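Peer 1:
Numbering (my numbering), first residue to last: 1 to 301.
1) So what's residue 285 in DSSP terms, helix, strand or just coil?
2) Tell me the residue span of the alpha helix (DSSP H) that contains residue 43.
3) Pick helix, strand or coil for residue 162, following the three-state DSSP scheme.
4) Could you check where the alpha helix (DSSP H) with residue 209 kicks off and where it finishes?
5) Is it the case that the stretch 284-294 contacts the stretch 254-268, given that we only count it when at least three CB pairs across the two stretches are under 8 Å?
6) Residue 291 to residue 281, Cα distance in whole Å?
7) Give the DSSP-derived three-state secondary structure of residue 260 in the structure shown.
8) Can you say whether residue 171 is buried or exposed, counting buried as having 16 or more other CB atoms within 10 angstroms of its CB?
9) Looking at residue 153: is its Cβ nearer than 9 Å to the Cβ of residue 131?
10) So, with DSSP's three-state summary, where would you put residue 157?
11) Return yes when the Cβ of residue 50 is within less than 9 Å of the Cβ of residue 57, no when it is not.
12) Just reading off the alpha helix (DSSP H) that residue 72 is part of, what are its end residues?
13) Indicate the three-state DSSP secondary structure (helix, strand or coil) for residue 90 in the structure shown.
14) Quick check: the Cα distance between residue 179 and residue 275, rounded to an integer number of angstroms?
15) Whole beta strand (DSSP E) runs in the stretch 118-142 with 3 or more residues, listed along the chain?
16) If you measure between the beta carbons of residue 96 and residue 109, is that distance less than 9 Å?
17) Can you list, in chain order, the residues of its chain with a C-beta nearer than 6 Å to that of residue 222? Leave out the 5 residues immediately preceding and following it.
18) Are the CB atoms of residue 92 and residue 64 nearer to each other than 9 Å?
19) Beta-carbon separation of residue 203 and residue 217 under 9 Å?
20) Could you give the C-beta distance for residue 273 and residue 241, rounded to a whole number, given that I count them as a contact under 8 Å?
21) What is the residue span of the alpha helix (DSSP H) that residue 57 lies within?
22) For residue 298, does the three-state DSSP call read helix, strand or coil?
23) Figure out for me which residue from 164, 160, 293 has the closest Cα to the Cα of residue 134.
24) With a 10 Å radius around its C-beta and 16 neighbouring C-beta atoms as the bar for buried, classify residue 32 as buried or exposed.
25) What do you get for residue 136, buried or exposed, if any count of 16 or more other CB atoms within 10 angstroms of its CB means buried?
See the structure below:
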């Protein structure tokens, strides 16, 4: 009987903590819902209360940081991830999120430090992703040698990680080693064939190698996946222009402008295509639009 009463007393003493954790979890659910609906002020309000009630509830911190990022408050998001990491020092995923936030802020060394911490803390089945993240930081820093090392380590751990193949190919492309870039990008699109931007990068690699017909095919493939992109139309226009197919070039540049009417680059290239066709009035009009869009962009900075 005494043992039963002792159990009751223990349960009574421990119940407030249980209620507190439950209340924090109850705040998390609507906070996440508000995030998904774009109701960011309400998300921040709910998730701040959640982390105050239970600082160990990692998902609340992640949701709060995301809400700040979506509000354009990157500094607040970084501060939130830092605070979350202090309360949850062994959570590797928080370190990765903090690292990418630092990258977005342009703080590459801080990002590298966080990704290295994630590699020490994280489970083996996540280390390929963390090596890839470290490669991203080195890539943004312009340290292509270390970026390649990071991506290769990721692929050694997970040869089927399509994203790492793509990023390694992108690094080789940036180094103008197009043969190596081509091999990795072809592997990437074979593993993940429905990534529109990967086909654009593969097309640009073919273009750089002078394989214009293959480049055209990749740009078209990209548009089949996502027709609302301006860039593939622009690159199709450039490829046609290189082949002196000026009418087709004009048509593609016009399609690109329908999707991105304020792009200085598209107006300028369309001006050049008109000039090559001898349509000088239209060329001059596009050149003026190029100058206006360029000035508009500078004023908006």
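C-beta: ideal position from N, C-alpha, C; glycine also. Small disclaimer: the values here were computed from a predicted structure and weren't measured.
Peer 2: Quick look at the numbers:
1) The count along the chain shown starts at 1 and reaches residue 285 at position 285. Looking at residue 285 - three-state DSSP - the assignment turns out to be helix.
2) Within the chain shown, numbered from 1, the residue matching residue 43 stands at position 43. Taken as a continuous stretch (DSSP letters only), the alpha helix (DSSP H) holding residue 43 covers 40-53.
3) Looking up residue 162 in the chain shown gives position 162. Secondary structure at residue 162: helix, using DSSP grouped into helix, strand and coil.
4) Within the chain shown, residue 209 is the residue found at index 209, counting from 1. Unbroken run through residue 209: none, as it is neither H nor E.
5) Because the criterion of three Cβ pairs below 8 Å is met, the stretch 254-268 and the stretch 284-294 touch.
6) In the chain shown, the residue the question calls residue 291 occupies position 291. In the chain shown, the residue the question calls residue 281 occupies position 281. If you take the alpha carbons of residue 291 and residue 281, they lie about 16 Å apart.
7) Position 260 of the chain shown holds residue 260. Coil at residue 260, not helix or strand.
8) Taking the chain shown and counting its residues from 1, one reaches residue 171 at position 171. Counting of Cβ neighbours within 10 angstroms places residue 171 among the buried residues, the total reaching 16 or more.
9) One-based indexing of the chain shown puts residue 153 at position 153. One-based indexing of the chain shown puts residue 131 at position 131. Yes. Within cutoff.
10) Walking along the chain shown from the start, residue 157 turns up at place 157. DSSP, reduced to helix, strand and coil, places residue 157 within a helical segment of the structure shown.
11) Position 57 of the chain shown, counting from 1, holds the residue named residue 57. Position 50 of the chain shown, counting from 1, holds the residue named residue 50. Cβ distance < 9 Å, so residue 57 and residue 50 count as in contact.
12) Locating residue 72 in the chain shown gives position 72, where the first residue counts as 1. First-last for residue 72: undefined, no H or E at that position.
13) As a position in the chain shown, residue 90 is number 90, starting the count at 1. Under the three-state reduction of DSSP, residue 90 is assigned to coil, being neither helix nor strand.
14) On the chain shown, position 179 is the one that residue 179 refers to. On the chain shown, position 275 is the one that residue 275 refers to. Linking residue 179 to residue 275 through their CA atoms gives a straight-line distance of about 34 Å.
15) As for any beta strand (DSSP E) of minimum length 3 sitting wholly inside the stretch 118-142, there is none.
16) In the chain shown, counting from the first residue as 1, residue 96 sits at position 96. In the chain shown, counting from the first residue as 1, residue 109 sits at position 109. Cβ distance not < 9 Å, so residue 96 and residue 109 don't count as in contact.
17) Taking the first residue of the chain shown as position 1, residue 222 is located at position 222. Only 196, 199, 200, 232 meet the Cβ criterion.
18) As a working mapping, residue 92 is identified with position 92 in the chain shown. As a working mapping, residue 64 is identified with position 64 in the chain shown. Contact check for residue 92 against residue 64 fails: the beta carbons are separated by 9 Å or more.
19) By 1-based counting over the chain shown, the position of residue 203 is 203. By 1-based counting over the chain shown, the position of residue 217 is 217. Going by C-beta atoms, residue 203 is nearer than 9 Å to residue 217.
20) Here residue 273 corresponds to residue number 273 of the chain shown, with the count starting at 1. Here residue 241 corresponds to residue number 241 of the chain shown, with the count starting at 1. Right, their Cβ atoms sit about 6 Å apart.
21) For the purposes of this step, residue 57 is taken as residue 57 along the chain shown, with counting starting at 1. Going by DSSP, residue 57 is part of no alpha helix (DSSP H) at all; its letter is neither H nor E.
22) Here residue 298 refers to the residue found at position 298 of the chain shown. Note: residue 298 maps to helix in three-state DSSP.
23) Taking the first residue of the chain shown as 1, we reach residue 134 at position 134. Considering only alpha carbons, the answer is 164.
24) The residue labelled residue 32 in the question sits at position 32 within the chain shown. Buried, by the Cβ-count rule.
25) As a working note, residue 136 is residue 136 in the chain shown. By the neighbour-count criterion, in which 16 or more other beta carbons inside 10 Å mark a residue as buried, residue 136 falls on the buried side.
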